[in-house]
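J.:
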Amino acid sequence: MQKIPHFIFATAAFWLITISCSSSKTNSSINNGLKEAYHSDFLIGAALNTGQIEERNAQSNALILSQFNAVTPENCMKAEHIHPAWDRYDFTIPDKLVAYSQKNKLKLNGHTLIWHSQLPAFARRIQRVDSFKTFFENHINTVASRYSGKIFSWDVVNEALNEDGTLRNSIFLQKLGPDYITEAFRLAEKASPNTELYYNDYNNEQPKKRAGCIELVKKVQAAGVRIDGVGIQGHWHLGKVPFKEIEESILAYHELGLKVMITELDIEVLPRNFQGADVAQRMASDPSLNPYAQGIPDSILQQQATDYENLFKLFLKHKDKITRVTFWGVDDGQSWLNGWPVPGRTNYPLLFDRQLQPKPAYHKLMGLKK
Ligand code: XIL
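Going by our numbering, the sequence shown opens with residue 14, and the numbers climb by one from there.
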């Protein structure tokens, strides 16, 4: 056998050590992601879709588990999916999500029991008030009691308010009258007694809608029914994040004795002509509305990073009032904002890009905690 010179061994050993050090560095920086950085401040969550719940992509799964300690189902617990027919429920994916959250010690927020959007078609067709009331009660009882003791919290009612703070003229208001919100919380508490119960909405940081939200909460409280928190969805727009209104709202909701959560955070970069997140609202498709289909300039990503940084500075200032900040998705490729309010756009609202790599905004948020 030919003698191998010493320096070859030395070089090989050097590279082995370098490679193993750098891979352990990658692992440790992954394990010390956002959830670790903000560990003593508030939970950091993400909305998960079915592919993510089923762990179809190992890289994406590793990213989720390294960054987040709270999860919300993006769609699978909404009535149209979990309760597709009068006497039929489909718990397949929700059950997987519960198992996933238990296995990985993630706080699971159920989303959502009562919402006028993504209702099953049969529910919209119910004419009789007593039948609609039965649907309403059966839905809450069946879904909430199935996950009692297995879920941390529920968005009991979602988006019940108009922009002016009055109650939205939804099918629930039409059929059940204004007390349906209190009733939903009462039923949820009974079905799932140890679960935190929240009201969730978009634009409820804006003064008029906030006033309506405060009134709604006070009404539930006055009825002696438990409500634990308010979620501010947080679908905001680059350069237009309403910092002042957000701070005023955190203070106002806290004053009511409630926990405050940011529940569906994203900062989108594409043009649109309205604020908020009404899923029924659409804009016509037009190439001028999709300017970054081939890639996004770094200057925009830097601006987004600054918006996120200022937002988290505000959240940290009020960390005694905020219990969770959840992003509406993990990476830009997954975001609902690629399909809403204009279909087929290329949007960039989250902290991770389409290759699952951290964006400048991610580094800013980690930097705040250095
Ligand atoms: C969105 C989902 O992300 C989409 O996949 C779905 O097509 C429509 O709903 N407010 C909410 C969320 O409370 O449930 C919505 O999620 C976004 C707006």
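Ideal Cβ placement from N, Cα and C applies to all residues, glycine included.
The beta strand (DSSP E) with Ile245 in it runs from where to where?
T.: Here residue 245 refers to the residue found at position 232 of the sequence shown. That run of the beta strand (DSSP E) goes Gly242 to Ile245.
J.: The alpha helix (DSSP H) with Arg159 in it runs from where to where?
T.: Along the sequence shown, one-based indexing puts residue 159 at 146. Here the alpha helix (DSSP H) through Arg159 covers Val142 to Arg159.
J.: Residues in its own chain within less than 6 Å of Phe145 by CB, not counting five upstream and five downstream?
T.: For the purposes of this step, residue 145 is taken as residue 132 along the sequence shown, with counting starting at 1. Taken in chain order, the residues that qualify are Ile139 and Lys188.
J.: Counting only the same chain and skipping the five closest in sequence on each side, list residues whose C-beta sits under 6 Å from that of Phe185.
T.: Sequence index remark: in the sequence shown, residue 185 carries index 172 (1-based). Excluding sequence neighbours, Phe185 sits near Tyr193.
J.: Under 8 Å, do Gly123 and Trp167 count as touching if we go by C-beta distance?
T.: Sequence index remark: in the sequence shown, residue 123 carries index 110 (1-based). Sequence index remark: in the sequence shown, residue 167 carries index 154 (1-based). Against a cut-off of 8 Å, the Cβ pair of Trp167 and Gly123 comes out as a contact.
J.: Is any non-hydrogen atom of the ligand XIL found closer than 7 Å to the C-beta of Tyr212, if you look at the structure I gave you?
T.: Position 199 of the sequence shown, counted from the start, is the residue given in the question as residue 212. Outside the cutoff, so no.
J.: Taking Gly237 as part of the alpha helix (DSSP H), name the residues at either end of that continuous run.
T.: On the sequence shown, position 224 is the one that residue 237 refers to. No alpha helix (DSSP H) holds Gly237; DSSP gives it neither H nor E.
J.: Does DSSP classify Lys253 as helix, strand or coil?
T.: Looking up residue 253 in the sequence shown gives position 240. It is coil, neither helix nor strand.
J.: Assuming Pro362 contacts Glu281 under a Cβ cut-off of 8 Å, what Cβ separation, rounded to an integer in Å, is found between them?
T.: Position 349 of the sequence shown, counted from the first residue, corresponds to residue 362. Position 268 of the sequence shown, counted from the first residue, corresponds to residue 281. Confirmed, about 4 Å.
J.: Is the distance from the Cβ of Ile275 to the Cβ of Thr339 below 8 Å?
T.: On the sequence shown, residue 275 is found 262 positions in, with the first residue counted as 1. On the sequence shown, residue 339 is found 326 positions in, with the first residue counted as 1. It is a contact, given that the beta carbons lie within the stated cut-off.
J.: Buried or exposed for Arg295, going by 16 or more other Cβ atoms inside 10 Å?
T.: As a working mapping, residue 295 is identified with position 282 in the sequence shown. Under this definition Arg295 is an exposed residue.
J.: Tell me whether the beta-carbon of Trp5 lies closer than 8 Å to the beta-carbon of Asn171.
T.: The displayed coordinates of the chain run from 14 to 383. Any statement about residue 5 would go beyond what the structure contains.
J.: Answer yes or no: the CB of His250 versus the heavy atoms of the ligand XIL, is any distance below 7 Å?
T.: By one-based count along the sequence shown, residue 250 stands at place 237. Result no, Cβ not under 7 Å from the ligand XIL.
J.: Would you say His96 and His152 are within 8 Å of each other, going by their C-beta atoms?
T.: Stepping through the sequence shown from its first residue, residue 96 is reached at position 83. Stepping through the sequence shown from its first residue, residue 152 is reached at position 139. Cβ distance < 8 Å, so His96 and His152 count as in contact.
J.: Just verifying my parser: in three-state terms, what is the DSSP assignment at Met90?
T.: Taking the first residue of the sequence shown as position 1, residue 90 is located at position 77. Looking at Met90 - three-state DSSP - the assignment turns out to be coil, as it is neither helix nor strand.
J.: Under 8 Å, with one C-beta from each stretch per pair, do the region 103-120 and the region 129-138 reach the 3-pair mark?
T.: The region 103-120 makes no contact with the region 129-138: fewer than 3 CB pairs, one atom from each, lie closer than 8 Å.
J.: By the 10 Å Cβ neighbour count, where 16 or more other Cβ atoms means buried, how is Asn70 classified, buried or exposed?
T.: Within the sequence shown, the letter at position 57 stands for residue 70. Label assigned to Asn70: exposed.
J.: Just curious, the beta strand (DSSP E) that Ser166 is in, first and last residue?
T.: Reading the sequence shown from its first residue, position 153 is the one you call residue 166. Note, Ser166: beta strand (DSSP E), Ser166 to Asn171.
J.: Grab me the residues of Ser42's own chain with a C-beta within less than 8 Å of its C-beta, minus the 5 sequence neighbours each way, in chain order.
T.: Along the sequence shown, one-based indexing puts residue 42 at 29. Summary for Ser42: the model assigns pLDDT 45, below 50, so the residue's position carries little reliability; its value from the coordinates is reported in the next sentence. Counting only Cβ-Cβ distances below 8 Å, and skipping sequence neighbours, we find nothing.
J.: Using the Cα positions of Thr63 and Pro255, report the straight-line distance between them to the nearest angstrom.
T.: Against the sequence shown, residue 63 aligns to sequence position 50. Against the sequence shown, residue 255 aligns to sequence position 242. Their backbone Cα atoms lie some 32 Å apart in a straight line.
J.: Below 8 Å on the Cβ atoms is my contact criterion, and I expect Pro373 with Leu314 to pass it. Report the Cβ-Cβ distance as a whole number of Å.
T.: Position 360 of the sequence shown, counted from the start, is the residue given in the question as residue 373. Position 301 of the sequence shown, counted from the start, is the residue given in the question as residue 314. That belief holds up - the Cβ atoms of Pro373 and Leu314 are roughly 5 Å apart, short of 8 Å.
J.: For Pro304, which residues in the same chain have their Cβ closer than 8 Å to its Cβ, ignoring the five residues on either side in sequence?
T.: Against the sequence shown, residue 304 aligns to sequence position 291. Leu283 and Pro284, listed in sequence order.
J.: Check this for me: beta carbons of Val238 and Phe287, under 8 Å apart or not?
T.: What you label residue 238 is simply residue 225 of the sequence shown in a count that begins at 1. What you label residue 287 is simply residue 274 of the sequence shown in a count that begins at 1. No, they are not a contact pair.
J.: Where do the ends of the beta strand (DSSP E) carrying Asp279 lie?
T.: The residue labelled residue 279 in the question sits at position 266 within the sequence shown. It spans Lys272 to Glu281 - the beta strand (DSSP E) in which Asp279 sits, taken as one unbroken run.
J.: Can you check whether the CB of Thr336 is closer than 8 Å to the CB of Phe55?
T.: As a working note, residue 55 is residue 42 in the sequence shown. As a working note, residue 336 is residue 323 in the sequence shown. Yes, these two residues count as a Cβ contact at 8 Å.
J.: If Asp333 and Asp366 are in contact, beta carbons under 8 Å, what's the gap, nearest whole angstrom?
T.: Against the sequence shown, residue 333 aligns to sequence position 320. Against the sequence shown, residue 366 aligns to sequence position 353. The Cβ separation is near 33 Å, so there is no contact.
J.: For Asn154, which residues of its own chain have a beta-carbon under 7 Å away from its beta-carbon, when the five flanking residues on both sides are left out?
T.: As a working note, residue 154 is residue 141 in the sequence shown. Taken in chain order, the residues that qualify are Leu200 and Ala204.
J.: CA-CA distance, Lys382 and Asp143?
T.: Taking the first residue of the sequence shown as 1, we reach residue 382 at position 369. Taking the first residue of the sequence shown as 1, we reach residue 143 at position 130. Looking at the two C-alpha atoms, the distance is approximately 54 Å.
J.: Hey, Ala60 and Gly342: beta-carbon distance below 8 Å or not?
T.: Position 47 of the sequence shown holds residue 60. Position 329 of the sequence shown holds residue 342. Contact flag set, yes.
J.: What would DSSP say about Ile57, mapped onto helix, strand or coil?
T.: On the sequence shown, position 44 is the one that residue 57 refers to. Strand.
J.: Taking just the CA atoms, how far does His331 sit from Ala26?
T.: The sequence position of residue 26 within the sequence shown is 13, counting from 1. The sequence position of residue 331 within the sequence shown is 318, counting from 1. The predicted model places Ala26 with a pLDDT of 44, which falls under 50 and marks its position as unreliable; any figure quoted below should be read in that light. Between Ala26 and His331, the C-alpha separation is close to 50 Å.
J.: On the CB-based measure, 16 or more other CB atoms within 10 Å of its CB, does Arg223 come out buried or exposed?
T.: Position 210 of the sequence shown, counted from the first residue, corresponds to residue 223. Label assigned to Arg223: buried.
J.: Can you grab the Cα-Cα spacing for the pair Pro86 / Pro107, in whole Å?
T.: Indexing the sequence shown from 1 puts residue 86 at position 73. Indexing the sequence shown from 1 puts residue 107 at position 94. If I take the Cα positions, the gap works out to 8 Å.
J.: The alpha helix (DSSP H) spanning Lys382 covers which residue range?
T.: Looking up residue 382 in the sequence shown gives position 369. Here Lys382 belongs to no alpha helix (DSSP H), and DSSP marks it neither H nor E.
J.: DSSP beta-bridge partners for Glu209?
T.: Position 196 of the sequence shown, counted from the first residue, corresponds to residue 209. Looking at the DSSP assignment, Glu209 forms a beta bridge with Ser166.
J.: Name the DSSP beta bridge partners of Pro1, please?
T.: Limits of the chain in this structure are 14 at one end and 383 at the other, which puts residue 1 out of reach.
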